[in-house]
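Heads up: the structure comes next, in structure tokens.
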Amino acid sequence: MRYKIDTIEPLWWGLFAAGGGVVGLFLPIIILIVGLATPLGIVPRDRTAEWLQILVTNPIVKLFLLVLISLPLFHWAHRFRYFLFDLGLHGARMPLAVLCYGAAIVGTIYAMLTLVRI
Amino acid sequence: MHGQAASRPAGYPSRMPADWWLKNPRYFLYMLRELSAVFAALWVVLFLLQIPQIAADPRGWASSVSQSPGWILFSLISLLFVLYHAWTFFTATGTAVYVRIGKRATPAGAINGATLGAWAGATIVIGAILLYPVFGR
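As given, the protein sequences belong to chains A and Z, one line each in that order.
If you use my numbering, the first sequence corresponds to residues 1 to 118, in order.
If you use my numbering, the second sequence corresponds to residues 119 to 255, in order.
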């Protein structure tokens, strides 16, 4: 009972691995353009922003955005849990798991609501 | 073994000192890679918080991020972390994944090449979509 969350470890590991793929495949180019090139004006700022508006309101792009936001959260949850173990935090195993995976679930629900509302 | 305490070789303590990862550059890089997930997750959350403004007032969003050194600096640091994650993730796939074609195991180098190729392909496709207003109009 104490470690019941570990019985569904393959689920968390699967989400972690999928999230690792999403982070690696898609985030570098998105961060480069949305987080750096657009704010710095390396690409035409207003035109890119107006194009992003068209993209983020498209239903198919919204689905992609949900994956792009949700899976990195599960990737973080799993990796951060073990990061804390690695740092020597061996106690509070269950509360930490609930906190990490819970935050990823809450973040996913919040992302869903945000993307449905826009 | 069940119900008994397993005897542990003397060289493998069950608890490492908390600073074990500072004692070898490779351990330090390992922990840095673990930390990359924090930056990736924080970046997507901050991006999520900006999406409503992008949808409602794109020029206002562009203006506000261009005047935010914090966002730009955080994006730069996050980019370095996700690039490090991507490289270590995709070059480790050949070791982690076993693919057999016929009776032969696919060499790790071929699997790594395929994942790095997928990374390059995804980067080109997403980049082309995001930069469509620059090149497409």
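Quick reminder that beta carbons are idealized off the backbone N, C-alpha and C, glycines included.
Computed from a predicted structure; not experimentally measured.
Is the separation between the beta-carbon of residue i and that of residue j shorter than 8 Å?
i        : j        : result
Z:Thr241 : A:Ile29  : yes
A:Ala111 : A:Ser70  : yes
A:Ile33  : Z:Gly245 : yes
A:Leu52  : Z:Ile172 : yes
A:Val56  : Z:Ile169 : yes
Z:Val156 : A:Trp76  : yes
Z:Trp138 : Z:Tyr145 : yes
A:Arg47  : Z:Pro251 : yes
A:Gly35  : Z:Leu197 : yes
A:Gly21  : A:Pro72  : no
A:Arg79  : A:Leu96  : no
Z:Arg177 : A:Ala37  : no
Z:Gly212 : Z:Ala223 : no
A:Gly41  : Z:Val163 : no
A:Gly88  : Z:Ala136 : yes
Z:Ala204 : Z:Trp237 : yes
A:Lys62  : A:Leu115 : yes
So residue i and residue j are supposed to be a Cβ contact under 8 Å. How far apart are they, rounded?
i        : j        : result
Z:Phe208 : A:Gly24  : 6 Å
Z:Ser193 : A:Ile31  : 5 Å
A:Leu27  : Z:Val200 : 5 Å
Z:Glu152 : A:Phe83  : 4 Å
Z:Ile190 : A:Pro39  : 5 Å
For a contact meaning CB atoms closer than 9 Å, what does residue i contact in chain A?
i        : result
Z:Val217 : In chain order: nothing, as chain A lies at least about 15 Å away.
Using the beta-carbon of each residue, which ones in chain Z are nearer than 8 Å to residue i?
i       : result
A:Thr48 : Ala180, Leu248, Leu249, Pro251 and Val252
A:Pro28 : Leu197, Val200, Leu201, Ala204 and Thr241
A:Pro44 : Pro251 and Val252
A:Gly91 : In chain order: nothing, as chain Z lies at least about 12 Å away.
For residue i, which residues in chain A fall below 7 Å Cβ to Cβ?
i        : result
Z:Pro176 : Ala49, Glu50, Leu52 and Gln53
Z:Leu166 : Ile69, Ala111 and Thr114
Z:Leu194 : Leu36
Z:Pro170 : Thr114 and Ile118
Z:Gly212 : What Z:Gly212 touches in chain A: nothing, since even the nearest Cβ is about 14 Å away.
Z:Phe207 : Gly20 and Gly24
Using a C-beta to C-beta distance shorter than 7 Å, which residues of chain Z count as neighbours of residue i?
i        : result
A:Trp76  : Ala155, Val156, Ala158 and Ala159
A:Arg79  : Glu152 and Ala155
A:Gly14  : What A:Gly14 touches in chain Z: nothing, since even the nearest Cβ is about 13 Å away.
A:Leu40  : Ile190
A:Pro168 : Here chain A has residues from 1 to 118 only, and residue 168 of chain A is not among them.
A:Leu32  : Leu197
A:Thr57  : Ala173
In chain A, what lies closer than 8 Å to residue i by C-beta?
i        : result
Z:Ile229 : Per Cβ cutoff of 8 Å: no residues; Z:Ile229 is ~14 Å from chain A at best.
Z:Pro225 : Near Z:Pro225 there are no residues of chain A at all, since even the closest Cβ is about 21 Å away, more than 8 Å.
Z:Ala236 : Leu25
Applying a beta-carbon distance threshold of less than 9 Å, which residues of chain Z neighbour residue i?
i        : result
A:Phe83  : Met149, Glu152, Leu153, Ala155 and Val156
A:Gly107 : Ala159, Val162, Val163 and Leu166
A:Gly88  : Arg133, Met134, Pro135, Ala136, Asp137 and Trp138
Establish whether the CB of residue i and some CB of chain B are separated by less than 8 Å.
i        : result
Z:Ala232 : Going by chain labels, chain B is absent from the structure shown, which instead holds the protein chains A and Z.
Subject >> Complete runs of the alpha helix (DSSP H) confined to the segment 155-232 of chain Z [at least 4 residues] >> reply: 176-184 and 187-214
Subject >> Contiguous alpha helix (DSSP H) assignments of at least 4 residues, all confined to the segment 41-100 of chain A >> reply: 45-56 and 59-86
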